[in-house]
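Protein chains in written order, with this note's numbering: chain G, 1 to 450; chain S, 1001 to 1389. Built from N, CA and C at the ideal position, the CB exists for glycine as well. These numbers were taken from a predicted model, which means no experiment stands behind them.
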């Protein structure tokens, strides 16, 4: 057993004092008694110190999951004492005909059992849930089923009030206290589930600091006329809030890392100032076949381990107007290759990546036209956003090439099996399965999807 | 005797045709015959010329090409004389000519030559006065169904009034099918009064001493915009975004430039012409490259981008100035920016910090974007001296 430096120095000091002490001359019998007395005190002290140390050790076992920092700002996620690469998917099993508000947790057919089996066969070891359910018992059942039956762990997120109408009032104490309490309640309820892996705070909330989505302000920010300073003030408020929650989680749950959810790397230079108490950065990245300078850039701005919490590709060619599973598989394989290239175990990479959860496990048919229940029954092929890095179909009308309802690595069939929509694995399912079995990441120069 | 003369005459006429046929058969694959050189042009009517100067581009009405100019040829009896008026006849601001095979082949039909084994193109050029700027000389680069297998460019080049030989390095390039054997591009910005120049002795050569060029790290400073006519400019303001109908750009505004004769004047009307409620421009390389062309500059030596900006009235808000960030098959290697910025009425210098950035591949050299919410009445602003340092 290693003796902590402090305890070792106390013992050394006591021992040294004893050696240096000049004992007065006295009769032999008395001297012997004196020796007995003087020897008793340090021995007792030693035992006390050792006992205190052992008690301290007993109270602080190694966390179930934690980040290990290696030389050169390289990081590993350690789970149950072993390195753990997150090989995951974002999970939202909304059936055909339902929308985002559907309570799948209460589905008596338990879709996660169907999915868990398929996931295990593929090699998935983690799912990411964007949020928990108000009934923690239901969440525990899902987490427990996935973990006990399939060995799949769960990353659980919280939106930090991002979608609250009219906007998230960061900087408002009442709002922040409410959100913080909601998260701590969730953590208290779920932290002892063996299947829990990590907490993720926020998703792309940093964009609200730019005023691009769900813009918010405070009276102090409104008084500032310099827009760059306004932006910095928002970042300070938001990232400080995340930091405060992270500290509070650590106080009640030392067993699981806390991640800051972030859209791209935007604002992370400010997070570096105000959000040092998070353990991991969970980034959402859609950059096609490459992540560019992502890994090194994070190292330079906010030196934390990187978990790619959302990335991926759709399986619909908006230009040719037909499903293209090859296209999706091509991008996903390239993305996973880059993740592996930058794990701590690869000496040639950045070493700061701990894995990822691709978006997403299954298609979601409600996404294109959320307000129209008829649209939930239809697998829409209309694209509503553009991303040039998914270049195979960028020549689609108005360059809109991203098909939100086609990101699943398993497609949904209207046909029911065991009460849930039949899952139809796409090519990406098999390609990634093979990649995980035999991760060959030496060649990143593949350019052809076919 | 008469019959004999007719036969002889027929033979004499047939010989060049046969020779030409043999030549084409052989030159269809330079690699197969291990040619040492492959001529594009030596003299008018030289029997070993290949390719036709048929691919006129841009302001084609601004160009006159005489391929039998006897005005001081570099060698032989003729050279190619090009007169570029710079009048923007087709309103493009640039013009050029490709030597193609067969004539007018824009990658729509089979043709070209297998020039495997060739390692360089050499040619001679001179200006009528000196100072004429050729934006680029090109080998290959024609797209289409039967696209060229390589694209190599060189330029810009400022000509002198005496003959000078130039070399385009082709070592390591895939020359297995080249339709566009040679070409040039000039523009009105760098030749506002037009240009007259001469080219002679264009040929591919198999020189084993020529080695492939590594990716060149550009020297600093590296200008995006110095002055309208500066040949130091790089990138083209071609990437109009959002409400592109709301934008007007004058690349030669003489309205109080910060340095030199001209600056950039940008007018954003804020009319939301395309309904986007925002607008912006990317400076790209080459023009209109949204990541589909492999043509990034290696600007790794840069630690910052600086530029000067001012608003017409002061108070104009630009949401972001940035570099990089174009995503496509050939994405920018990184991105960096500054903003939002509220402009002053006086010239003010701004800096984009590039420390820690990967600038090894940049096609989006500079960009600005603003929106209607920030400028409900639109805005007018000026930029000058945009450079990587």
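Under 9 Å Cβ-Cβ, which residues of chain S neighbour residue i?
i             : result
residue 227/G : 1317, 1319, 1339, 1340, 1341, 1342, 1374
With H, G and I counted as helix, E and B as strand and the rest as coil, what does DSSP make of residue i?
i              : result
residue 375/G  : helix
residue 1298/S : strand
residue 261/G  : strand
residue 1122/S : strand
residue 268/G  : helix
residue 399/G  : helix
residue 85/G   : coil
residue 102/G  : coil
residue 437/G  : helix
residue 179/G  : helix
residue 1181/S : strand
residue 306/G  : strand
residue 1009/S : Here residue 1009/S scores only 47 on pLDDT, less than 50, and its place in the model is too uncertain to base an answer on.
residue 1229/S : coil
residue 1277/S : coil
residue 35/G   : With a pLDDT of 40 at residue 35/G, under the threshold of 50, the modelled position of that residue is not reliable, and no figure is offered here.
residue 1047/S : coil
residue 392/G  : helix
residue 197/G  : strand
residue 1019/S : Caution is warranted here: a pLDDT of 41 is assigned to residue 1019/S, below 50, making its placement in the model unreliable, and the coordinate value is therefore given only provisionally. Residue 1019/S: helix per DSSP, three-state reduction.
What residue range does the alpha helix (DSSP H) around residue i cover?
i              : result
residue 239/G  : 227 to 252
residue 1382/S : It is not in any alpha helix (DSSP H) - residue 1382/S instead sits in the beta strand (DSSP E) that spans 1379 to 1388.
residue 297/G  : 294 to 301
residue 122/G  : 111 to 122
residue 140/G  : 136 to 150
residue 221/G  : 219 to 223
In chain S, what lies closer than 8 Å to residue i by C-beta?
i             : result
residue 342/G : Neighbours of residue 342/G on chain S: none; closest Cβ ~14 Å, over 8 Å.
residue 296/G : 1356, 1358
residue 329/G : The premise fails here: residue 329/G is roughly 17 Å from chain S at the closest Cβ pair, so nothing lies under 8 Å.
residue 99/G  : The premise fails here: residue 99/G is roughly 28 Å from chain S at the closest Cβ pair, so nothing lies under 8 Å.
residue 218/G : Result: empty, since nearest Cβ-Cβ is about 18 Å, beyond 8 Å.
residue 293/G : 1333, 1334, 1357, 1358
For residue i, report the span of its beta strand (DSSP E) as first-last.
i              : result
residue 127/G  : 126 to 129
residue 1053/S : 1052 to 1058
residue 337/G  : Premise fails: residue 337/G lies in the alpha helix (DSSP H), 325 to 341, not in any beta strand (DSSP E).
residue 283/G  : 280 to 284
residue 1312/S : No beta strand (DSSP E) holds residue 1312/S; DSSP gives it neither H nor E.
Give a single yes or no on whether residue i has its beta carbon closer than 7 Å to a heavy atom of the ligand FMN.
i              : result
residue 1114/S : This structure does not include the ligand FMN; it has no bound ligands of any sort.
With 16 other CB atoms within 10 Å as the buried threshold, where does residue i fall?
i              : result
residue 325/G  : buried
residue 1159/S : buried
residue 1141/S : buried
residue 1343/S : buried
residue 1262/S : buried
residue 371/G  : exposed
residue 1073/S : buried
residue 16/G   : Confidence in residue 16/G is poor, its pLDDT being 32 and thus under 50, which makes the residue's placement unreliable; the coordinate value appears in the next sentence. So residue 16/G counts as exposed.
residue 1288/S : exposed
residue 438/G  : exposed
residue 1373/S : exposed
residue 335/G  : buried
residue 1209/S : exposed
residue 1012/S : Residue placement at residue 1012/S is poorly supported in this model, since its pLDDT is 44, which falls under 50; the coordinates still yield a value, given next. Label assigned to residue 1012/S: exposed.
residue 1277/S : exposed
residue 76/G   : buried
Output, in chain order, the set of chain G residues within a Cβ distance shorter than 8 Å of residue i.
i              : result
residue 1291/S : 388, 389, 391
residue 1346/S : None at all; the shortest Cβ gap to chain G is about 17 Å.
residue 1327/S : 287, 288, 387, 388, 389
List the residues of chain S that residue i touches, going by C-beta distances under 7 Å, in chain order.
i             : result
residue 290/G : 1331
residue 300/G : 1356
Could you tell me whether the stretch 242 to 254 of chain G touches the stretch 218 to 227 of chain G, where touching means 3 or more Cβ pairs closer than 8 Å? no
Inter-stretch contact at 8 Å, needing at least 3 Cβ pairs: the stretch 1117 to 1124 of chain S / the stretch 1092 to 1099 of chain S: no
Between the stretch 1177 to 1187 of chain S and the stretch 1143 to 1152 of chain S, are three or more C-beta pairs nearer than 8 Å? yes
Spell out a yes or no on whether the stretch 417 to 436 of chain G and the stretch 106 to 120 of chain G are touching, meaning 3 or more CB-CB pairs, one atom from each, closer than 8 Å. yes
Do the stretch 266 to 275 of chain G and the stretch 230 to 242 of chain G touch if we need at least three Cβ pairs shorter than 8 Å? yes
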